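The next block holds one structure in the form of structure tokens; read it before the comments.
Protein chains: 2
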Amino acid sequence: MESWKKPRIVPEKTLLGPGPTPVESRVLRAMAEPTLGHLDRDFVAIMDETRELLKLVFRTKNDLTVAMSGTGSAGMETACVNMIERGDKVIICSHGVFGTRMQDVAGRCGAEVVEVNAPMGRPVDPADVEKALRANPDAKLLGIVHAETSTGVLQPLDEIAAMVHGAGMFMVVDAVTSLGGMDVPVDRLGLEMVYSGSQKCLACPPGLAPVTVGPRAVEHIKNRKTKVQSWYLDLTMIMRYWGQERFYHHTAPVNMIYGLNEGLRMIAEEGLENRFARHRKNAEALWAGLEALGLELLVDPAYRLPSLTSVKIPEGIDEAALRRNLMKEYSIEVGSGLGDLKGKIIRIGLMGSGSNRMNIVLLLSALSSLLAKNGFCTDIKSALERVDAILM
Amino acid sequence: MESWKKPRIVPEKTLLGPGPTPVESRVLRAMAEPTLGHLDRDFVAIMDETRELLKLVFRTKNDLTVAMSGTGSAGMETACVNMIERGDKVIICSHGVFGTRMQDVAGRCGAEVVEVNAPMGRPVDPADVEKALRANPDAKLLGIVHAETSTGVLQPLDEIAAMVHGAGMFMVVDAVTSLGGMDVPVDRLGLEMVYSGSQKCLACPPGLAPVTVGPRAVEHIKNRKTKVQSWYLDLTMIMRYWGQERFYHHTAPVNMIYGLNEGLRMIAEEGLENRFARHRKNAEALWAGLEALGLELLVDPAYRLPSLTSVKIPEGIDEAALRRNLMKEYSIEVGSGLGDLKGKIIRIGLMGSGSNRMNIVLLLSALSSLLAKNGFCTDIKSALERVDAILM
Chain A
1 MESWKKPRIV PEKTLLGPGP TPVESRVLRA MAEPTLGHLD RDFVAIMDET
51 RELLKLVFRT KNDLTVAMSG TGSAGMETAC VNMIERGDKV IICSHGVFGT
101 RMQDVAGRCG AEVVEVNAPM GRPVDPADVE KALRANPDAK LLGIVHAETS
151 TGVLQPLDEI AAMVHGAGMF MVVDAVTSLG GMDVPVDRLG LEMVYSGSQK
201 CLACPPGLAP VTVGPRAVEH IKNRKTKVQS WYLDLTMIMR YWGQERFYHH
251 TAPVNMIYGL NEGLRMIAEE GLENRFARHR KNAEALWAGL EALGLELLVD
301 PAYRLPSLTS VKIPEGIDEA ALRRNLMKEY SIEVGSGLGD LKGKIIRIGL
351 MGSGSNRMNI VLLLSALSSL LAKNGFCTDI KSALERVDAI LM
Chain B
393 MESWKKPRIV PEKTLLGPGP TPVESRVLRA MAEPTLGHLD RDFVAIMDET
443 RELLKLVFRT KNDLTVAMSG TGSAGMETAC VNMIERGDKV IICSHGVFGT
493 RMQDVAGRCG AEVVEVNAPM GRPVDPADVE KALRANPDAK LLGIVHAETS
543 TGVLQPLDEI AAMVHGAGMF MVVDAVTSLG GMDVPVDRLG LEMVYSGSQK
593 CLACPPGLAP VTVGPRAVEH IKNRKTKVQS WYLDLTMIMR YWGQERFYHH
643 TAPVNMIYGL NEGLRMIAEE GLENRFARHR KNAEALWAGL EALGLELLVD
693 PAYRLPSLTS VKIPEGIDEA ALRRNLMKEY SIEVGSGLGD LKGKIIRIGL
743 MGSGSNRMNI VLLLSALSSL LAKNGFCTDI KSALERVDAI LM
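Line by line, the protein sequences are chains A and B.
Each residue of the first sequence is one higher than the one before, counting from 1 in our numbering.
Each residue of the second sequence is one higher than the one before, counting from 393 in our numbering.
Rendered as structure tokens:
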């Protein structure tokens, strides 16, 4: 019998990887509301409200704040294709897979890419950025990843933003794994272009890329000499659809926008500061619990993301088998290492509604049992005590 | 009070425009199934089945048949960025807004674009294509729109495909408004690259672009001298995610894929031939009814799409007011004219589950009443008799 004649199986799983993250039924139900036309009055009202809620989460007054019709990587491409013209020189920092991806994307836009790299697990060193800025005063912009999803490193932005703006350049920031889980200081630092994805701390299904564009970048884009190389991601047209004019560009993913709208409402209800504190406190409890189990974390405490934690796999433990058994025996998804970290770490996401005490307790208990089966003895009792000491 | 503190209003409307089209609750409910990881075993099984169902609807054996993570316009861009390298000469035909869009997109890929144009409301003349092929034997490909959404014109493809392949070129076809509503002869004509959108005759919400790529095009893409200018739409990487390797590229829009899967299941259950016949018969009933109301259709019967009908607005009737009142008094959405046809036509879509007798009766009755209020007398009784004569 053809498989499509059988019921589709979509089991409930606990998503504690780098994304997608758990989506609450409120958001899932919103996606199932009736499809409206992309120029319909009632839909346009939902778009307007969604933009206001995105501005709240980005903490920005930027009018050009939209949800691009693609995943987080489309957000990265949106930033590059709109800000870069062929032949431009740009500085792109990398401290992991997503910074390296941004270097690739910028190169595909015809940019001359100056790389500033840091080893995976460490943030980019502002001193290296300073050197690159001095050596390349003709560069147009600097791109950097705020929350590196491949390692769990939080990149401090203040010092670098000051240098970039001092040099008269634009600053492009990847906030895929930070937006909605911690402060993304768009207006405070005057960041010109910041993008994210719906499936991380915003706790919506994957498929939309929130993007906010500052006034200097809007002017820059409006004054381009050449067309944006991507028609689909061309902000000069998209700003006319999300703006008052409602100029038809492409058919927006209507039901995805409902889901994002509901997810953003949940953030507004919780309050940004409460939400950030919850992510932070749960992360601290997870870190304490993991260390009490005798596990080592990849990232120095000063640079750890509250949303994503990389754990080193002890000698003699098969990382792939561990992840397989977490799924098989506990229906828990965690992430593997990427690039040079493949096989050496697992990545644990506590994002959005997934950032809660029950998930921490479940995961620590599951990890403890599976590690014990492989001869790595752990003290789950004291790990759980550490968690409770922080959270209760 | 902030609007997000009030309930979100998403009223039921009857979508009889050029898309999005009505989405059945089965499909909406599928979108609300739990989000899974994009590399999860159970999700990957749904992707595999979705690919098989897409191959059924495209009537193709092409292994590289995928749903791109964007709307129909992203499908167009996928075709262009992957097939074209900077400096390539291409022939792009236009008989409406979407052909003109393809010319724009190809130009943004750095192609030298040879245009073959036809007036809106008519298909492209194969004799004009022949001339262009003779004058440009060095062109790499010909792009053309099968179902022009801005006019409702069906472009015959057989003769043109034979000429294009005779000249050793690739044929790229826009099937956004035809796939799932009528035959799209991918394998019969050996079309190298065909794309569509989820929100037309496939009757799913907007947000995915089904694309199928023939073996010659796959070879062509694999042997490119330069990187695909879009990282997000780069098929050389996407084929590794949809293939056995499951190479991580970007996070697929998981819940959108559930919806597409359910929509495709409904097509498989109905049977392609039954579905095409339903679209055809309902379109004929609509045409007969509209003509019985004294209205004139834009397109010659030989070139009319079963999925989309353009109706000329009688002298003295305000087109925008007519559409506004259809929405206000009947909650019916129809489309406006685009480009040169703005204010002169409305576009009526009967696509997917929207292609049914009740919608035809409702729309004809609503149109008749609204036209009568503006002094345009119609014979609704005989219009409904014509509809029943065809459908009952």
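Heads up, the beta-carbon is just placed ideally off N, CA and C, and yes, glycines get one too.
Since the structure is predicted, the reported quantities are computational estimates derived from the model, not experimental observations.
Discussion item. I'd like the ranges of any alpha helix (DSSP H) spanning at least 4 consecutive residues and lying wholly in the region 290 to 345 of chain A.
Written reply: 319 to 330
Practice prompt. List the endpoints of the continuous alpha helix (DSSP H) containing Ala-471 (chain B).
Written response: Run containing Ala-471 (chain B): 464 to 475, per the alpha helix (DSSP H) assignment.
Worksheet item: Can you find a C-beta in chain A that's less than 8 Å from the C-beta of Met-591 (chain B)?
Response: In the sequence under discussion, the amino acid at residue 591 (chain B) is Gln, which differs from the Met named in the question. At least one chain A Cβ lies under 8 Å of Gln-591 (chain B).
Worksheet item: Counting Cβ pairs, one atom from each stretch, are 3 or more of them under 8 Å apart for the region 149 to 160 of chain A and the region 116 to 130 of chain A?
Response: yes
Worksheet item: In the region 283 to 305 of chain A, which residues sit with their C-beta less than 7 Å from some C-beta in chain B, listed in chain order?
Response: none
Fill in: Coarse secondary structure for Tyr-650 (chain B), derived from DSSP in three states
Residue state for Tyr-650 (chain B) is assigned as helix, using DSSP reduced to three classes.
Discussion item. What ranges does the alpha helix (DSSP H) occupy inside the region 109 to 191 of chain A, keeping only unbroken runs of at least 4 residues that lie completely in it?
Written reply: 126 to 135, 158 to 166, 186 to 189
Discussion item. Within the continuous alpha helix (DSSP H) that includes Ile-9 (chain A), where are the two ends?
Written reply: Here Ile-9 (chain A) belongs to no alpha helix (DSSP H), and DSSP marks it neither H nor E.
Worksheet item: Straight-line CA distance for Met-423 (chain B) to Glu-284 (chain A)?
Response: Straight-line Cα distance between these residues: approximately 34 Å.
Worksheet entry | Cβ pair Val-334 (chain A), Gly-17 (chain A) closer than 8 Å | yes
Worksheet item: Using 8 Å as the Cβ pair cut-off and three pairs as the minimum, do the region 210 to 223 of chain A and the region 75 to 87 of chain A touch?
Response: The answer is yes - the region 75 to 87 of chain A touches the region 210 to 223 of chain A, with three or more Cβ pairs under 8 Å.
Practice prompt. Would you check if there are 3 or more beta carbon pairs closer than 8 Å linking the region 680 to 690 of chain B to the region 702 to 714 of chain B?
Written response: The answer is yes - the region 702 to 714 of chain B touches the region 680 to 690 of chain B, with three or more Cβ pairs under 8 Å.
Worksheet entry | Where Ile-536 (chain B) falls, given that 16 or more other Cβ within 10 Å makes a residue buried | buried
Worksheet item: Residues in its own chain within less than 6 Å of Ser-73 (chain A) by CB, not counting five upstream and five downstream?
Response: Cβ neighbours of Ser-73 (chain A) within its own chain (closer than 6 Å, five residues either side excluded): none.
Worksheet item: Any C-beta of chain B sitting closer than 8 Å to the C-beta of Ser-331 (chain A)?
Response: The C-beta of Ser-331 (chain A) comes no closer than 8 Å to any C-beta of chain B.
Fill in: Proximity winner among A:Leu-39, A:Val-66, A:Trp-4, relative to Asp-440 (chain B) (alpha-carbon distances)
A:Trp-4
Worksheet item: What are the residues of the region 446 to 465 of chain B that lie near chain A, defined by any Cβ-Cβ distance shorter than 8 Å?
Response: Ser-461, Gly-462, Thr-463, Gly-464, Ser-465
Discussion item. Can you confirm whether the region 569 to 583 of chain B touches the region 635 to 654 of chain B when touching is taken to mean that 3 or more C-beta pairs between the two stretches lie within less than 8 Å?
Written reply: Using a C-beta cut-off of 8 Å, the region 635 to 654 of chain B makes no contact with the region 569 to 583 of chain B, since fewer than three inter-stretch Cβ pairs fall below that distance.
Item to complete: Just the chain A side, please: which residues come within less than 8 Å of Gly-582 (chain B) by C-beta, in chain order?
Response: Going along chain A, no residue has its Cβ under 8 Å from Gly-582 (chain B), so there is no contact; the nearest lies around 26 Å.
Item to complete: Can you check DSSP and say which residues form a bridge with Thr-413 (chain B)?
Response: None; Thr-413 (chain B) has no bridge partner.
Discussion item. Taking the alpha carbon of Arg-739 (chain B) as the reference point, which residue from B:Glu-707, B:Ser-745, B:Ile-724 has its own alpha carbon closest?
Written reply: B:Ile-724
Worksheet item: Which word fits Met-102 (chain A), buried or exposed, when buried means at least 16 other C-beta atoms lie within 10 angstroms of its C-beta?
Response: buried
Worksheet item: Taking all protein chains shown into account, do 16 or more other C-beta atoms lie within 10 angstroms of the C-beta of Gly-75 (chain A), making it buried, or fewer, making it exposed?
Response: buried
Worksheet item: To the nearest angstrom, how far is it from the Cα of Ser-198 (chain A) to the Cα of Pro-529 (chain B)?
Response: 46 Å
Discussion item. Is there a C-beta anywhere in chain A that falls below 8 Å from the one on Pro-399 (chain B)?
Written reply: no
Practice prompt. Could you tell me which chain B residues have their CB closer than 7 Å to the CB of Met-395 (chain A), listed as they occur along the chain?
Written response: Examination of residue 395 (chain A) is not possible in this model, given that chain A is present from 1 through 392 alone.
Practice prompt. At 9 Å on the CB atoms, spell out the chain A contacts of Ser-395 (chain B), in chain order.
Written response: Ala-45, Asp-48, Glu-49, Glu-52
Fill in: Extent of the continuous alpha helix (DSSP H) to which Thr-457 (chain B) belongs
First-last for Thr-457 (chain B): 456 to 460, but that is the beta strand (DSSP E), not the alpha helix (DSSP H).
Worksheet item: For Glu-425 (chain B), which residues of its own chain have a beta-carbon under 6 Å away from its beta-carbon, when the five flanking residues on both sides are left out?
Response: Only Tyr-650 meet the Cβ criterion.
Worksheet item: What's the gap between the Cα of Gly-349 (chain A) and the Cα of Thr-21 (chain A)?
Response: Near 8 Å, if we compare the C-alpha coordinates of Thr-21 (chain A) and Gly-349 (chain A).
Worksheet entry | Range of the contiguous beta strand (DSSP E) that encloses Pro-210 (chain A) | 209 to 213
Worksheet item: Using CA coordinates, which residue listed in B:Gly-655, B:Val-556, B:Gly-663, B:Leu-714 is at the minimum distance from Tyr-438 (chain B)?
Response: The question names Tyr, yet the displayed sequence has Ile at residue 438 (chain B). Out of B:Gly-655, B:Val-556, B:Gly-663, B:Leu-714, B:Gly-655 has the C-alpha closest to the C-alpha of Ile-438 (chain B).
Discussion item. By the 8 Å beta-carbon criterion, what residues does the region 642 to 658 of chain B contribute toward chain A?
Written reply: His-642, Thr-643, Ala-644, Pro-645, Val-646, Asn-647, Met-648, Tyr-650, Gly-651, Asn-653, Glu-654, Leu-656, Arg-657
Worksheet item: Taking the C-alpha atoms as reference points, what is the distance between His-279 (chain A) and Arg-26 (chain A)?
Response: 20 Å
Worksheet item: Which one of B:Gly-499, B:Asn-751, B:Ala-764, B:Gly-558 has the shortest CA to CA distance from Ser-230 (chain A)?
Response: B:Gly-499
Discussion item. For Asn-748 (chain B), tell me which candidate among B:Arg-716, B:Leu-549, B:Met-784 has the shortest Cα-Cα distance.
Written reply: B:Met-784
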